[in-house]
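Participant:
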Amino acid sequence: MADPMIAVDNLTVEYDGNRVLNGVSLDIQRDEVMVLLGGSGSGKTTMLRHIIGLEPPTSGTVRVRGVDINRCSAKELKAIRCTMGVAFQESALFNSLSVEENVDLPLRELTTLADPIIEIMTYMKLAAVGLGEAGKRMPQELSGGMKKRAAIARATALDPEILIFDEPSAGLDPIVAAGLDELILFLKRAFHMTILVVTHELASAFRIADRVAMLYEGSLIAVDSKDAFRASTQPRVRQFLDRVPDPITESKAVQEHIRELAGLTGAKN
Amino acid sequence: MNALEAIGSGVIQGLDYVGGLTMQFWSGLRASPRVLPFAGRRSRWQTAMRQMAAIGVDALPIVALMSVCAGFILAMQTGTYLKRYGALQYVMDVVAIGFTRELGPLLTALIICGRSGSAFSAEIGTMVVTNEIDALRTMAIDPIELVLTPKYVAAMIVIPCLTIMSNTFGILAGAAFMYISTKIRLAMYLQYIFNSIEMRDIFTGLLKSLVFATIIVNVGCMEGFKVKGGADAVGRSTTSAVVRSTYLVILADAFFTAIFYLVHK
């Protein structure tokens, strides 16, 4: 098998002694759409932030195109980041800039292209996500779905090889969410991008994924093709797929805490 | 925690803060040429121009008002005592030297701390909370260069200009007092002022204003970059930016005044 585009090896992350990721290893191959599933608080976003090099891990490595992003030089990291596009959960558009200024920012900052070329490229990127006529509008004038699409246009501005999405369909209605799924598939087909999507939306995951990985309490409990994942018998995967809630009030920790609050900790013995 | 631990912890935190501030200052300084017109990027210079309007032009009315009031108060307070000794003319020296060396730069810096230092912190803090700073990093764009440096270049240009305006308004307020109290005309007053102040008085004031500009921009931006959490954290960073930049400006003022005193002695 070819070298993976992204190779996460034994990634461990702790915040104030609290372990959030527990020795996670995951390879993402060129041209594949990898969906990272997991419940709230499972460590998905933490893993994403480490893959894009926003935070250093407690231990373990993250290699992007073979380069360890936590031990490379600033110049290498910049080169790596130029090949990655990231669409954040809350879009993270610059509110002081218009939509087209948001999209042309990386082109103006990181290339030496002439202004007319940048204008054409910006329009093409916006048109590709269906926002060709919204370029002059400010981010606060856009709907949630339009903001997400504008964020995708900005993420693709430099034609990255790797595209990363954090909860792309969170908070969107099913029609807009389905539209975003199709857009992700279009980007993969048209530009042969390697795509990592962090989500907990099952319908979206099974529509766009080549492979699916699932995090549970900071550990990777499954990495499989979407069909194999769907047929998994792993109890936590099944619980997630079958939407079975945790018995919250029966959990041992909750019972213990209630006992403590009621001053019954000593009475037990 | 015993007293020694508390002192040690405070010293380490202070050194950590000053270290972070120095590193940020150095990064901003290195990126400054890329903001300048002709040599740098056009969009950066345009941003710096907008900042100049926000930091400088918009602050001019309040700087003018405060300087006129401070100049008039200074003249009245010193005039009351000097009049007893028949030395009322020295009010002009006090106002001229006091403003050019001390009050002009300090008053301007304190106004800019409150107006713009807080605005820098709130702007950048909000960008942190909404992931805009993270987005810049993932796009391989240095937030210091894009966000801080235009503000720094703008402040380095407009704060000395505002200081000169503050000096002018303060001295003119002194002229008003002298006219009211002794009927000294403006031309004579100005001639006396030009004779009493030296170029080094003006230069030391302007040098101070450059240091104050550096402190205000770097502290304001650093407090913004340090934001963790939500809207309440942005509010706290704004308060912290004003408080820290104010006391650092006053400390720097005391330090430079002592240096100039020793040099001129």
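Protein chains in written order, with our numbering: chain F, 156 to 424; chain P, 342 to 606. Even for Gly, the Cβ is constructed at its ideal location relative to N, Cα and C. Only a predicted model underlies this, so the values are computations on that prediction, with no experimental measurement involved.
Where do the N-terminal and C-terminal ends of the alpha helix (DSSP H) with P:F597 fall, by residue?
Facilitator: Counting along the chain, the alpha helix (DSSP H) containing P:F597 begins and ends at A572 to H605.
Participant: Sort F:D164, F:I350, F:E255 and F:R309 by Cα distance to F:I224 and report the nearest one.
Facilitator: The option with the nearest alpha carbon to F:I224 is F:D164.
Participant: So for F:A422, helix, strand or coil by DSSP?
Facilitator: Unreliable positioning characterises F:A422 in this predicted model, as indicated by a pLDDT of 48, which lies under 50. The coordinate reading is nonetheless provided below. Reduced to three states, the DSSP call for F:A422 is coil.
Participant: Where does F:R366 sit, in a helix, a strand or coil, going by DSSP?
Facilitator: Reduced to three states, the DSSP call for F:R366 is strand.
Participant: P:T449 to P:G381, Cα distance in whole Å?
Facilitator: Rounded to whole angstroms, P:T449 to P:G381 spans 29 angstroms at the Cα level.
Participant: Just the C-alpha distance for P:T504 and F:T201, rounded to the nearest angstrom, thanks.
Facilitator: The straight-line gap from Cα to Cα measures roughly 47 angstroms.
Participant: Which two residues bound the contiguous beta strand (DSSP E) that contains F:A162?
Facilitator: I161 to Y170 is the span of the beta strand (DSSP E), which, as asked, contains F:A162.
Participant: Should F:K356 be labelled buried (16 or more other beta-carbon atoms within 10 Å of its own) or exposed?
Facilitator: The residue you asked about is not Lys; residue 356 of chain F is Glu in the sequence shown. Answer is buried; the Cβ neighbour count reaches 16.
Participant: Return the chain-ordered list of same chain residues with a C-beta closer than 7 angstroms to the C-beta of P:G420, the five sequence neighbours on each side being excluded.
Facilitator: Once the five neighbours on either side are set aside, the close Cβ partners of P:G420 are L429, V432, F518 and S522.
Participant: Give me, in chain order, the residues of the same chain whose beta-carbon lies closer than 8 angstroms to that of P:I438; leave out the 5 immediate sequence neighbours on both sides.
Facilitator: For P:I438, where only same-chain residues beyond five positions count, the Cβ hits under 8 angstroms are S537, I538 and D542.
Participant: Measuring only the C-alpha atoms, how far is F:A368 from F:A377?
Facilitator: Their Cα atoms are separated by approximately 5 angstroms.
Participant: Provide the residue span of the alpha helix (DSSP H) that contains P:S408, from first to last.
Facilitator: L401 to R425 is the span of the alpha helix (DSSP H), which, as asked, contains P:S408.
Participant: Indicate the three-state DSSP secondary structure (helix, strand or coil) for P:V376 in the structure shown.
Facilitator: P:V376 falls in the coil class under three-state DSSP.
Participant: By the criterion of Cβ-Cβ separation under 8 angstroms, what are the contact partners of F:A417 in chain P?
Facilitator: Correct list: empty, because the minimum Cβ distance to chain P is about 32 angstroms.
Participant: Hey, could you find the ends of the beta strand (DSSP E) F:M202 is sitting in?
Facilitator: F:M202 -> not in any beta strand (DSSP E); alpha helix (DSSP H) instead, spanning K199 to I206.
Participant: May I ask which residues mark the beginning and end of the alpha helix (DSSP H) holding F:N177?
Facilitator: Unbroken run through F:N177 is the beta strand (DSSP E), N173 to I183; no alpha helix (DSSP H).
Participant: Does any residue of chain F bring its CB to less than 9 angstroms from the CB of P:M480?
Facilitator: Cβ-Cβ to chain F under 9 angstroms: yes for P:M480.
Participant: Based on Cα-Cα distance, which residue from P:V590, P:A554, P:Q354 and P:G349 lies nearest to P:P491?
Facilitator: Checked all of P:V590, P:A554, P:Q354 and P:G349; the closest Cα to P:P491 is P:A554.
Participant: If you follow the beta strand (DSSP E) that F:I218 is part of, which residue opens it and which one closes it?
Facilitator: In the sequence under discussion, the amino acid at residue 218 of chain F is Arg, which differs from the Ile named in the question. Start and end: S214 to V219.
Participant: Which value, in whole angstroms, describes the spacing of the CA atoms of P:I348 and P:Y358?
Facilitator: Near 15 angstroms, if we compare the C-alpha coordinates of P:Y358 and P:I348.
Participant: According to DSSP, simplified to helix, strand and coil, what is F:F249?
Facilitator: Reduced to three states, the DSSP call for F:F249 is coil.
Participant: Closer than 7 angstroms between beta carbons: that is the criterion. Which residues of the region 233-251 of chain F meet it against chain P?
Facilitator: From the region 233-251 of chain F, only K233, R236, C237, M239, V241, F243, E245, A247 and F249 have a Cβ closer than 7 angstroms to chain P.
Participant: What distance in whole Å lies between the Cβ atoms of F:S253 and F:R292, which are believed to be in contact at a cut-off of 8 angstroms?
Facilitator: F:R292 to F:S253, Cβ: 7 angstroms. Contact.
Participant: What does F:I207 touch in chain P if you count any residue whose Cβ is under 9 angstroms from its own?
Facilitator: Chain P residues near F:I207: D475, R478 and T479.
Participant: When the distance is taken between beta carbons, is F:V284 closer than 9 angstroms to P:M480?
Facilitator: Not closer than 9 angstroms, so no.
Participant: Residues in the region 254-283 of chain F with C-beta within 8 angstroms of chain P's C-beta atoms, listed in sequence order?
Facilitator: Cβ contacts with chain P come from L260, P261, R263, E264 and L265.
Participant: Which same chain residues, not among the five before or five after F:M348, have their C-beta less than 6 angstroms away from its C-beta?
Facilitator: Here the set comprises L318 and L342.
Participant: Rank F:S197, F:A157 and F:E187 by C-alpha distance to the C-alpha of F:V112 and give the top, closest one.
Facilitator: The structure shown has nothing for residue 112 of chain F, since chain F only spans 156 to 424.
Participant: Take the Cβ of F:V399 as the centre, count every other Cβ of all protein chains shown within 10 Å, and call the residue buried at 16 or more, exposed below.
Facilitator: Classification for F:V399: exposed.
Participant: Could you name the residues of the same chain whose beta carbon sits closer than 6 angstroms to that of F:M189, not counting the 5 residues immediately before and after it, in chain order?
Facilitator: For F:M189, where only same-chain residues beyond five positions count, the Cβ hits under 6 angstroms are I183, L351 and R366.
Participant: Classify P:T545: buried if its beta carbon has 16 or more other beta carbons within 10 angstroms, exposed otherwise.
Facilitator: The residue is buried, with at least 16 neighbouring Cβ atoms inside 10 Å.
Participant: Could you tell me the alpha carbon to alpha carbon distance between P:G351 and P:A344, rounded to whole angstroms?
Facilitator: The alpha-carbon atoms of P:G351 and P:A344 are separated by roughly 10 angstroms.
Participant: Reducing DSSP to helix, strand and coil, say where P:L513 ends up.
Facilitator: In this structure, P:L513 counts as helix in the three-state DSSP scheme.
Participant: Below 8 angstroms between beta carbons is the criterion; list the residues of the region 527-538 of chain P that meet it against any residue of chain F, in chain order.
Facilitator: Against chain F - using a Cβ distance shorter than 8 angstroms - the region 527-538 of chain P contributes no residues.
Participant: Under 7 angstroms Cβ to Cβ from F:R263, same chain only, skipping five residues before and after it: list those, please.
Facilitator: These residues qualify, in order along the chain: I273.
Participant: For chain P, is any of its Cβ atoms less than 9 angstroms away from the one on F:E411?
Facilitator: It does not; no Cβ of chain P falls within 9 angstroms.
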